[in-house]
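Numbering (the working numbering), first residue to last: 3 to 193. Even glycine gets a Cβ: it sits at the ideal position worked out from N, Cα and C. Data block below; observations after.
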């Protein structure tokens with residue numbers, strides 16, 4: 003007789019998590035930014051981790067590069083069109099263990115209602131439960147991915163007089179995630 007594995011549910015702590023991105027500017031420098039508002043859920047199958055899954059949502063209007071004029075442009079129809087497409091979403095489709103701390107998380111990324119597969123190269127940073135913080139169990143992950151923004155309909159650009167483009171097509175993303183355990187459910191009862 004097979005016993006059911008415990009499915010531990012964690013919610014992303016938005017005050018201790020970031021979604022960062024980096025894009026080439028004028029082909030010579032890199033502009034970085036973050037999204038300030040993100041949430042999500044991570045479901046971990048403690049006995050069979052490859053059966054785990056995650057889903058996350060980022061509010062597009064929360065983009066912050068440190069320059070208000072650039073942020074307004076990124077929120078505009080030129081790029082994210084935050085008025086029409088208020089969120090960026092990710093939902094995992096497969097989890098593969100690489101070694102003790104590294105995982106490959108395949109999933110679907112949706113930007114501007116265009117969904118494409120991406121791979122998150124993920125590192126498990128650890129697990130902690132501290133009495134002085136209410137005894138809540140917390141886990142941490144760092145994940146990276148990259149994609150071509152044109153694949154998601156982010157086509158706006160300007161050709162420079164000297165050749166080349168104002169904004170690079172290649173986007174690098176780094177996620178620093180801290181999540182808080184909510185409960186433990188029998189496997190198969192995920193939402």
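Problem set entry | Alpha-carbon to alpha-carbon, residue 35 and residue 178 | Taking the first residue of the chain shown as 1, we reach residue 178 at position 176. Taking the first residue of the chain shown as 1, we reach residue 35 at position 33. Within the model, the alpha-carbon separation for residue 178 versus residue 35 is close to 13 Å.
Exercise. Taking all protein chains shown into account, do 16 or more other C-beta atoms lie within 10 angstroms of the C-beta of residue 103, making it buried, or fewer, making it exposed?
Worked result: Position 101 of the chain shown holds residue 103. Exposed.
Exercise. On the three-pair Cβ rule with 8 Å, is the stretch 123-130 touching the stretch 78-95?
Worked result: Contact check between the stretch 123-130 and the stretch 78-95: fewer than three CB pairs, one atom from each, fall below 8 Å, which does not count as touching.
For this session: Below 7 Å CB to CB, which residues in the same chain sit around residue 173 once its five sequence neighbours on both sides are set aside?
Result: Residue numbering aside, residue 173 sits at position 171 when the chain shown is read from its first letter. Excluding positions up to five away in sequence, the list reads 23, 25, 148, 149, 151.
Exercise. Taking the alpha carbon of residue 18 as the point to measure from, which residue in 8, 11, 37, 32 has its own alpha carbon closest?
Worked result: For the purposes of this step, residue 18 is identified with residue 16 of the chain shown, where counting begins at 1. Across the set 8, 11, 37, 32, the C-alpha of 37 shows the shortest separation from the C-alpha of residue 18.
For this session: Could you tell me the boundaries of the beta strand (DSSP E) in which residue 8 lies?
Result: On the chain shown, residue 8 is found 6 positions in, with the first residue counted as 1. Run containing residue 8: 8-14, per the beta strand (DSSP E) assignment.
Problem set entry | Element boundaries [alpha helix (DSSP H), containing residue 152] | Translated into the one-based positions of the chain shown, residue 152 becomes position 150. For residue 152, no alpha helix (DSSP H) encloses it, and the DSSP letter there is neither H nor E.
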